[in-house]
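Chains as they are written, first to last, in this note's numbering: chain L, 171 to 460; chain Y, 2 to 329; chain D, 1382 to 1615.
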């Protein structure tokens, strides 16, 4: 019983860390551009397929090292172009927020069924980044889990450092806090919008590469991920990076324990309940600003 | 749009629909399309009232439709309630469900509302398929296969008798359309348009804005549930496939073609979309792919929908035509 | 230095500026007076690339800047100091100032300007770790001006620097603007009325209903009975 709980705890921790990576990207892009991206989960799957394509059919030299190395420019370009071509033109409309939601929802459908028609409807499995186990007393840890945890946490730390210590990072925060002020001091707002979108795409793409090793690449799994990322963001407080971080781990744990105790089918219901209760009590989320 | 033009378009549309069975009464394929047009036209109109007029970013419209359908089916199958009462009860249940969802989220900022309502949609699938759903009679993954048809005054309305069912639907459609037009053109509608323009004004109205939003949300949920229930008794079987994203997307295409807040554009949007969807049916897996692409392209290029610019074009032509006559 | 020829500006359907032409010379202090809501702020925003739809010519140092994106205009050395400050609320004073030097043209002289700003606003520097959102109106205004100076701009477009401030702040702001002008910077101010400011003006414009209704030296304005009463409040 105790060991089982430890296992569930660890699985919650691993999932939570990857969720945190993805949710931080989402909260950033919402905080800065105010664009509500309903296709976020489809980019998670794009990460999964990207890794699968490179590792299995193309058997790329260097394995996961090459995947990570190529993923950064790939997702940056995809995200950047997407913002420039699909989101930016909508900003001139009064009801652009609604239009962005509708467009990205259509985009997610297009992407999800695009994956199905290109890669087939069956799930794909990715090889483990590393095999083997580590034993700490009676608890057995997969080295894969440890690597995923370390990678996502260091990815987040790295991101946080860039945001707080570089000129561009400060510019991103400036746009989030006051777009008009940012324009006045000469920050190229449109570029920051697109770049932020691109960075969030990298983060969710990496989330896909990391988590699909454990959960398979499922062409229809993207809405689930999208909802999770958004719930974490709303629960933590939209635009609050620290809030997302806490919320991601709370949700990861909730999911692991509810799934273990009541069955996986109840996970989503528990998630929604958590969201509704939080928003009813504290509409700005855990750490959001009013 | 002026009330007069709105009424002219709607009366014209429903008169046209009303005479359709005279020509196509024998063709089940076309009658089915016509019935689906009527049902979707109302469901999409409700969504337009919520999004375009009340300014609520609700993504729960399909969810309410499905709640209505399942509620009526469960009432009539498990509790043996006669379908007519089951439909009405289902509509009331959906209306209450709408209020229940609206209570925590209508005070929130737009994107949160979209998120919560969409999460409700996504959560309905595991709920209806899982043990909780089975406990209330949703039939789990299999769904409900034997929803009884509606009988009224000794007549049976079902997919076996398409023409009577068509007129029953038309009757309900017209009643609901009148209600929606009244909502749009009433004090509420005007107030909502003002609300959408000014957040501060909304804030100054405070609680009453919330109350009105909640009332509209409840009312549109009621109507949506009514048509969901009607649909359940029409097709006779239900499954959680109704909640798949392509159904949602179809509804979205209707409103994008019609133009958000450009009622009754969305009615025309429903006609185009339902027909288009039928044409795309043989495409199989590519259908949702195409649907998704259509949404992206339409949202990007249609500012006010497809219908409104055409109406504007026609009315400017008419004026031009009149001067033309004078000149010749 | 700055030459505007037949500038027209629109917000949606409404036509705000109508055929505005003016010029600001190198090192001058030019003040634009006029009633509220008649387009003075829009004029400054148009110069700084913060208005979408403009039509006409704006020459800065002989270069056409009308229609350029704001970041390019800041790079050329024109900065806007907003009436409502537009600070970054959840950043400290120091971070706000650092972002003021975001423009590429300002980066090299960031240290020098920081020292200058510190000497001009000693009170501000005492609380360099305070969050901008927690400052009083007067302090925030000072910070906005300081942030504008960090951009190393040669032309400062200052929008209502003293609006809604206590008299003590008005005097201080006038002093600071005098200091700025002494450094050889060109200052273009939109203001209601501050006698101390008008004292140092090289040129005065008055804008009414989106058009220039008066142009002249401060002596001309002060001698004009009607203007004195209506706009200068003397």
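All residues carry an ideal CB built from backbone N, CA and C; glycine is no exception.
Compute the Euclidean distance between the alpha carbons of residue i and residue j, then round it to the nearest angstrom.
| i | j | result |
| --- | --- | --- |
| residue 329 of chain Y | residue 36 of chain Y | At residue 329 of chain Y, the pLDDT of 35 sits below 50, so the modelled position is not reliable and the matter cannot be decided from this model. |
| residue 271 of chain Y | residue 1444 of chain D | 54 Å |
| residue 17 of chain Y | residue 171 of chain Y | 11 Å |
| residue 1584 of chain D | residue 1597 of chain D | 6 Å |
| residue 126 of chain Y | residue 213 of chain L | 23 Å |
| residue 1472 of chain D | residue 1513 of chain D | 6 Å |
| residue 292 of chain L | residue 286 of chain L | 8 Å |
| residue 187 of chain Y | residue 110 of chain Y | 25 Å |
| residue 1593 of chain D | residue 215 of chain L | 59 Å |
| residue 147 of chain Y | residue 95 of chain Y | 21 Å |
| residue 387 of chain L | residue 163 of chain Y | 44 Å |
| residue 1486 of chain D | residue 1454 of chain D | 11 Å |
| residue 333 of chain L | residue 11 of chain Y | 55 Å |
| residue 237 of chain L | residue 4 of chain Y | 60 Å |
| residue 1599 of chain D | residue 1383 of chain D | 19 Å |
| residue 1367 of chain D | residue 1442 of chain D | Because chain D in this structure spans residues 1382 to 1615, residue 1367 of chain D falls outside the shown range and cannot be described. |
| residue 358 of chain L | residue 34 of chain Y | 51 Å |
| residue 222 of chain L | residue 83 of chain Y | 54 Å |
| residue 294 of chain Y | residue 280 of chain L | 6 Å |
| residue 86 of chain Y | residue 136 of chain Y | 22 Å |
By Cβ distance, which residues of its chain are closer than 6 Å to residue i, with the 5 residues on each side in sequence left out?
| i | result |
| --- | --- |
| residue 444 of chain L | none |
| residue 138 of chain Y | 75 and 79 |
| residue 1411 of chain D | 1405, 1569 and 1584 |
| residue 313 of chain Y | none |
| residue 103 of chain Y | 215 and 218 |
| residue 422 of chain L | 182, 185, 186 and 189 |
DSSP puts residue i in a beta bridge; with which residues?
| i | result |
| --- | --- |
| residue 1438 of chain D | D/1386 |
| residue 272 of chain Y | None; residue 272 of chain Y has no bridge partner. |
| residue 239 of chain Y | Y/145 |
| residue 1395 of chain D | D/1392 |
| residue 258 of chain L | Beta-bridge pairing links residue 258 of chain L to no other residue. |
| residue 1536 of chain D | D/1459 and D/1567 |
| residue 178 of chain L | Note: residue 178 of chain L sits in no beta bridge, so no partner. |
| residue 295 of chain L | Paired residues: none, contrary to the question. |
| residue 1556 of chain D | Answer is none; residue 1556 of chain D lacks a bridge partner. |
Output needed for residue i: all residues of its chain with C-beta closer than 8 Å, excluding positions within five of it in sequence on either side, in chain order.
| i | result |
| --- | --- |
| residue 308 of chain L | 173 |
| residue 20 of chain Y | none |
| residue 1548 of chain D | none |
| residue 254 of chain L | 364 |
| residue 1476 of chain D | 1469 |
What do you reckon, are the CB atoms on residue i and residue j nearer than 8 Å?
| i | j | result |
| --- | --- | --- |
| residue 178 of chain Y | residue 43 of chain Y | yes |
| residue 226 of chain Y | residue 72 of chain Y | yes |
| residue 1543 of chain D | residue 1520 of chain D | no |
| residue 1538 of chain D | residue 1462 of chain D | yes |
| residue 269 of chain L | residue 300 of chain Y | yes |
| residue 257 of chain Y | residue 46 of chain Y | no |
| residue 1524 of chain D | residue 1474 of chain D | yes |
| residue 176 of chain L | residue 414 of chain L | no |
| residue 184 of chain Y | residue 50 of chain Y | yes |
| residue 144 of chain Y | residue 246 of chain Y | no |
| residue 367 of chain L | residue 203 of chain L | yes |
| residue 261 of chain Y | residue 292 of chain Y | no |
| residue 1387 of chain D | residue 1437 of chain D | yes |
| residue 456 of chain L | residue 406 of chain L | yes |
| residue 58 of chain Y | residue 271 of chain L | yes |
| residue 1575 of chain D | residue 1551 of chain D | yes |
| residue 229 of chain Y | residue 26 of chain Y | no |
Between which residues of its own chain and residue i is the CB-CB distance below 7 Å, once the five residues before and five after are set aside?
| i | result |
| --- | --- |
| residue 380 of chain L | 188, 318, 321 and 322 |
| residue 1391 of chain D | 1397 and 1434 |
| residue 428 of chain L | 436, 437 and 440 |
| residue 1408 of chain D | 1565 and 1567 |
Is residue i near the ligand MG - that is, is its Cβ less than 7 Å away from at least one heavy atom of it?
| i | result |
| --- | --- |
| residue 251 of chain Y | Questions concerning the ligand MG fall outside what the structure shown contains, since it holds no ligand whatsoever. |
Give the list of continuous alpha helix (DSSP H) stretches no shorter than 4 residues that lie fully inside the region 304 to 352 of chain L.
313 to 335 and 337 to 347
Enumerate, from N- to C-terminal direction, the unbroken beta strand (DSSP E) stretches of 3 or more residues contained entirely within the region 150 to 192 of chain Y.
Runs found: 151 to 153 and 156 to 158.
What beta strand (DSSP E) runs, 3 residues minimum, are completely inside the region 1451 to 1500 of chain D?
The region 1451 to 1500 of chain D contains these whole beta strand (DSSP E) runs: 1459 to 1462.
Which complete beta strand (DSSP E) runs does the region 23 to 87 of chain Y hold, if anything under 3 residues is left out?
none
What are the complete beta strand (DSSP E) segments, minimum 3 residues, inside the region 347 to 409 of chain L?
none
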